[in-house]
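Following: one structure in structure tokens, then a few remarks.
In the working numbering, the protein residues as written are 35 to 191.
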């Protein structure tokens, strides 16, 4: 089992193996990743894998075939030109109140859409985003310009 006192070289080796699994597309779920790492003699739990996925910046996105897979940030940059064409279908609803904007997405797509929004923070007039599985909270730079921010976000999708 992984513990906080785990030697750095073992942690680094596990993270390196995890990156390879994600890059190779060998596992779509955290449980599959646990099994694959155990086959490589890493004693891991699902919670360790979850923390490690966050640590390496992996996000789960839904591909055009509807399959949810983990990807690393550098892979998302390589996919960006192709993904830009697909983003319009991923956002299903955009709503706001006086202080916040909420986007609803296809299941598993919120992280990808949020990364896109964050890359356009200045242009859109937002502070940032918080993404779940299928919803994104967007904090506008100024609530006084909420209508303009909403318009720009809707134009993106």
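Beta carbons are placed, not taken as given, at the ideal position from N, Cα and C, and that holds for glycine. Every value quoted in this text rests on a predicted model; they were computed, and no experiment measured them.
Helix, strand or coil at residue i according to DSSP, with G and I counted as helix
{"i": "residue 63", "result": "coil"}
{"i": "residue 140", "result": "coil"}
{"i": "residue 195", "result": "There is simply no residue 195 to check, as the chain begins at 35 and stops at 191 in what is shown."}
{"i": "residue 159", "result": "coil"}
{"i": "residue 78", "result": "coil"}
{"i": "residue 99", "result": "coil"}
Residues of its chain near residue i, where Cβ-Cβ distance is below 7 Å and the 5 sequence neighbours each way are ignored
{"i": "residue 70", "result": "55, 60 and 61"}
{"i": "residue 37", "result": "Residue placement at residue 37 cannot be trusted, given a pLDDT of 46 that sits under 50; the coordinates are not used to answer."}
{"i": "residue 188", "result": "128"}
Proximity winner among the options, relative to residue i (alpha-carbon distances)
{"i": "residue 53", "options": "176, 173, 122 and 89", "result": "89"}
{"i": "residue 99", "options": "154, 157 and 142", "result": "142"}
{"i": "residue 186", "options": "152, 173, 167 and 158", "result": "158"}
{"i": "residue 180", "options": "160, 171, 85 and 191", "result": "160"}
{"i": "residue 58", "options": "106, 47, 75 and 91", "result": "106"}
{"i": "residue 134", "options": "83, 162 and 190", "result": "162"}
{"i": "residue 150", "options": "93, 103 and 130", "result": "93"}
{"i": "residue 136", "options": "169, 84, 153 and 49", "result": "169"}
Expected contact under 8 Å - CB spacing of residue i and residue j to nearest Å
{"i": "residue 128", "j": "residue 139", "result": "10 Å between Cβ atoms; not a contact."}
{"i": "residue 147", "j": "residue 175", "result": "With a Cβ gap of about 19 Å, residue 147 and residue 175 do not count as contacting."}
{"i": "residue 165", "j": "residue 182", "result": "Actually they are not in contact, since the Cβ atoms of residue 165 and residue 182 sit about 22 Å apart, beyond 8 Å."}
Identified DSSP bridge partners for residue i
{"i": "residue 33", "result": "Given a span of 35 to 191 for the chain in the structure shown, any question on residue 33 remains unanswerable."}
{"i": "residue 129", "result": "136"}
{"i": "residue 170", "result": "137 and 165"}
Close beta carbons around residue i, own chain, < 6 Å, minus the five adjacent residues each side
{"i": "residue 117", "result": "Residue placement at residue 117 is flagged as unreliable, the pLDDT there being 43, under the threshold of 50; the coordinate-derived value follows with that caveat. Within the same chain, residue 117 has no close Cβ partners at all."}
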